[in-house]
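To keep things clear, I will list the structure first and then write my remarks on it.
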Amino acid sequence: MFLQTLILSVILSAATPPRVAASWYDTWKDFDIDPLIAEAVVWPEMERYSRLQDVLETAANYGTYIVLGTNSFDFSIGRFQMKPSFVEKMEKAWMKNGLARKYALWFDTADNAIARKIRISRLQKEEWQVIYVGVFLRLLYISYGSCNKKGEYIRQGIETLPIKEQVYLAATAYNRGCVWADPGCGNIDLIRTHAYEKHFHYTLLPTKQTSYYCYAALAWKHYKSIAR
Numbered sequence: 002m003f004l005q006t007l008i009l010s011v012i013l014s015a016a017t018p019p020r021v022a023a024s025w026y027d028t029w030k031d032f033d034i035d036p037l038i039a040e041a042v043v044w045p046e047m048e049r050y051s052r053l054q055d056v057l058e059t060a061a062n063y064g065t066y067i068v069l070g071t072n073s074f075d076f077s078i079g080r081f082q083m084k085p086s087f088v089e090k091m092e093k094a095w096m097k098n099g100l101a102r103k104y105a106l107w108f109d110t111a112d113n114a115i116a117r118k119i120r121i122s123r124l125q126k127e128e129w130q131v132i133y134v135g136v137f138l139r140l141l142y143i144s145y146g147s148c149n150k151k152g153e154y155i156r157q158g159i160e161t162l163p164i165k166e167q168v169y170l171a172a173t174a175y176n177r178g179c180v181w182a183d184p185g186c187g188n189i190d191l192i193r194t195h196a197y198e199k200h201f202h203y204t205l206l207p208t209k210q211t212s213y214y215c216y217a218a219l220a221w222k223h224y225k226s227i228a229r
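The numbering used here puts the first residue of the sequence shown at 2, with every later residue one more than the last.
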């Protein structure tokens, strides 16, 4: 019965196009983030999402990440395909950069199985994946922003760039990773070096015939389609 239910779930999820709930936009606005940018950043992952793969990888995370932490192999899970280690780094940077009090959102960043289990549990819930996207983008605009910890203007940050470059940089950082520097200290050029690389694919198991795409370009294409 469980296998039949799982197969049916996979078939239905594959046949159903990605959706964006209105509540997602409300959450992203609470983080002072443009919801159109947030949607564009995660859209390629939503298109590629596989329910079956997610079930298997979530189960694997229970057997590795929770017990061994970031030293283990952790899988991307959830609708937006986030790795537990990726989220753990975000939580630590969030607490370090003083954003917890401003947005009334605190994380337990202790290095133990309890904190890791809570993190995995959150990643299985749609509302928490949406929250983590807000955390990601708010951190991006702080780390690669115009002001330092004292609020002093030090340079032109990511928020001053044309919207296309903001989408490209945000999508690249989401897909390829970035360094969570102190406010205003992130090196934007390091993200730019990966902005046009083609590593993203839609196949479950890539082969020699697999087509690869630029993740940022896919995000920008979607942004243009919803920003009309």
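Think of the CB as a built atom: it goes at the ideal place given N, C-alpha and C, for glycine as much as any other residue.
- DSSP places H200 in the uninterrupted beta strand (DSSP E) bounded by K199 to F201.
- The Cβ atoms of I143 and P184 lie closer than 8 Å to each other.
- Per the Cβ contact rule, the stretch 196 to 209 is not in contact with the stretch 153 to 162 (fewer than 3 Cβ pairs under 8 Å).
- When secondary structure is reduced to three states using DSSP, Y66 falls in the helix class.
- Exposed is the label assigned to R20, since fewer than 16 other Cβ atoms lie within 10 Å of its Cβ.
- With a contact defined as Cβ atoms closer than 8 Å, A22 and H223 miss out at about 16 Å.
- Residue burial annotation: R193 is exposed, with fewer than 16 other C-beta atoms found within 10 angstroms of its C-beta.
- Judged by beta-carbon spacing, I227 lies within the 8 Å limit of L37, meaning their Cβ atoms are closer than that value.
- The criterion of a C-beta distance shorter than 8 Å is not satisfied by G146 and I34.
- G99 counts as exposed, since fewer than 16 other C-beta atoms from the protein chains shown sit within 10 angstroms of its C-beta.
- Cβ neighbours of K30 within its own chain (closer than 7 Å, five residues either side excluded): P36.
- When secondary structure is reduced to three states using DSSP, I115 falls in the helix class.
- Counted as a single uninterrupted DSSP element, the alpha helix (DSSP H) harbouring R177 occupies residues I164 to R177.
- Under the three-pair Cβ rule at 8 Å, the stretch 162 to 178 counts as touching the stretch 214 to 222.
- For Y104, the three-state secondary structure derived from DSSP is helix.
- G187 counts as buried, since at least 16 other C-beta atoms from the protein chains shown sit within 10 angstroms of its C-beta.
- In this structure, DSSP gives Y133 a helical state, which the three-state scheme calls helix.
- Relative to R120, the option among R102, K90, L138 and L141 whose CA is nearest is K90.
- By the criterion of a C-beta distance shorter than 7 Å, A101 is surrounded in its chain by W95 and W107, once the five residues flanking it on both sides are discounted.
- L191 counts as exposed, since fewer than 16 other beta carbons sit within 10 angstroms of its beta carbon.
- In this structure, the beta-carbon distance from G70 to R123 does not fall below 8 Å.
- In the three-state reduction of the DSSP assignment, I78 falls in the strand class, which pools E and B.
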